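**Q** Mind having a look at this structure? Questions to follow.
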Amino acid sequence: MKCSPGYESEEAHRQVQAHDEGNHEGHLSHQVLAGAATYAGFKAYEDHQRKEGKPMEHGTAKALLASFAVAGVERLAETKGLDKIDEMKAKKHAEENAHKMYEEHYERGHNAPRFDPNEHQPHPSFENNRFNEHPRPQGLDRW
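The sequence shown lines up with residues -4 to 138 when you count with our numbering.
Structural data, given as structure tokens:
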């Protein structure tokens, strides 16, 4: 059974959260870090857009979401000790995963012509996960 990008990102987020925050060894794969950054970026994007309450075209939304995910990878790369090659792989993976997760939830899931926080529910996994004060995994404390 193939997992959805949203589920994979949610699982990656859990793995990074469970990882010993004092451990800076690079044993978490670039895919896991990219997934965690994508999931946290998606949550940050959702929160921001719901606060603003403004509709956004899909292309713009996906570009913003991807940039949040890539920024998250940069933060995690610093704290988890990724080398430059793995960091670049993680950034590419995060960007692709962000697009897929958005398409899965908003374009196909809601069949919506654009993202409108006033009409569409948040990603359901956000209700299942507690993000404490913010959605960012350890190392993504400031954006």
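Cβ atoms here follow ideal geometry from the backbone N, Cα and C, with glycine treated the same way.
Predicted model, so just to flag it, every value in this text is computed and none were measured.
1. What's the call for residue 113, buried or exposed, on a 16-neighbour Cβ count within 10 Å?
2. Run through DSSP, which three-state label would residue 114 get?
3. So residue 89 and residue 29 are in contact, right, with Cβ under 8 Å, and what is the actual spacing, rounded?
4. What are the boundary residues of the alpha helix (DSSP H) that includes residue 101?
5. Would you mind giving the Cβ-Cβ distance between residue 97 and residue 71, rounded to the nearest angstrom? I have them listed as a contact below 8 Å.
6. Roughly how many angstroms lie between the CA atoms of residue 99 and residue 87, to the nearest whole one?
7. How would you label residue 75, buried or exposed, when you count the other beta carbons within 10 angstroms and need 16 or more for buried?
8. Are the beta-carbon atoms belonging to residue 110 and residue 56 less than 7 Å from one another?
9. According to the neighbour-count rule (16 or more other Cβ atoms, all chains shown, within 10 Å of its Cβ), is residue 116 buried or exposed?
10. Tell me the rounded alpha-carbon separation between residue 84 and residue 120.
11. For residue 104 and residue 118, what's the separation of their Cα atoms in angstroms?
12. Less than 7 Å separating the beta-carbons of residue 67 and residue 93?
**A** In this structure, then:
1. Within the sequence shown, numbered from 1, the residue matching residue 113 stands at position 118. Its Cβ having fewer than 16 others within 10 Å, residue 113 is exposed.
2. By one-based count along the sequence shown, residue 114 stands at place 119. In this structure, residue 114 counts as coil in the three-state DSSP scheme.
3. On the sequence shown, position 94 is the one that residue 89 refers to. On the sequence shown, position 34 is the one that residue 29 refers to. Between residue 29 and residue 89 the Cβ distance is about 4 Å, and since that is below 8 Å, they are a contact.
4. Numbered from 1 along the sequence shown, position 106 holds the residue referred to as residue 101. Premise fails: residue 101 is in no alpha helix (DSSP H) and is neither H nor E.
5. Locating residue 97 in the sequence shown gives position 102, where the first residue counts as 1. Locating residue 71 in the sequence shown gives position 76, where the first residue counts as 1. With a Cβ gap of about 20 Å, residue 97 and residue 71 do not count as contacting.
6. Residue numbering aside, residue 99 sits at position 104 when the sequence shown is read from its first letter. Residue numbering aside, residue 87 sits at position 92 when the sequence shown is read from its first letter. Looking at the two C-alpha atoms, the distance is approximately 18 Å.
7. Against the sequence shown, residue 75 aligns to sequence position 80. Classification of residue 75: buried, given that the 10 Å Cβ count is 16 or more.
8. Numbered from its first residue, the sequence shown carries residue 110 at position 115. Numbered from its first residue, the sequence shown carries residue 56 at position 61. In this structure, residue 56 lies closer than 7 Å to residue 110 by Cβ.
9. Taking the sequence shown and counting its residues from 1, one reaches residue 116 at position 121. That one is exposed.
10. For the purposes of this step, residue 84 is taken as the residue at position 89 of the sequence shown. For the purposes of this step, residue 120 is taken as the residue at position 125 of the sequence shown. Rounded to whole angstroms, residue 84 to residue 120 spans 25 Å at the Cα level.
11. Translated into positions along the sequence shown, residue 104 becomes position 109. Translated into positions along the sequence shown, residue 118 becomes position 123. Answer to the nearest angstrom: the Cα atoms are 10 Å apart.
12. Here residue 67 is taken as the residue at index 72 of the sequence shown, counted from 1. Here residue 93 is taken as the residue at index 98 of the sequence shown, counted from 1. Contact: no.
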